[in-house]
Amino acid sequence: MANSSYVIMLQAAPDDYFAGRQALQCAQDIVSRGEQLKQVFFYGPAVVYANQFLQSPSGYPDLQEQWRKFSREHNIPLVVCATVGSQYGLESLPPPAGNLAEGFSAGGLAEFIETLANTEHLLQFQGNAAC
């Protein structure tokens, strides 16, 4: 039997630590089961994760760095919606021309939909609720 394939869509801002941590834990669980995680797509307020200048509040783990480490270790694309990103001040080029953090790539809904069309499961994290 073939392994299941997944896409994670995170829509919660980085200051919603619970949702970000829950999405990351889910991603880690998928990989640890030997299943395929095709992409993590950051949409809505979650695009702020891709801002190079994001700083975690004192006493909280750096989820941006944890996402980047996860991506490097497992070769999972971290794709941020460029259109929504521009509404949150994200310039989708790496410094000095923009502020896109290393490890993230700018994409669009078309890329997301194309990946999703060839994926079995979408896991969506919105605020404090996961669908």
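If you read the sequence shown in our numbering, its first letter stands for residue 9, the second for the next number, and so on. No residue lacks a Cβ here, since even glycine has one placed at the ideal position from N, Cα and C.
From the listed residues Ser66, Asp70, Gly52, the smallest Cα separation to glutamine 60 is found for Asp70. Glycine 111 places its beta carbon less than 8 Å from that of serine 79. The criterion of a C-beta distance shorter than 8 Å is not satisfied by alanine 21 and proline 65. If you compare the alpha carbons of Val56, Leu32, Asn11, Gln44 with that of cysteine 89, the shortest gap goes to Val56. When DSSP states are grouped into helix, strand and coil, alanine 114 belongs to the strand group.
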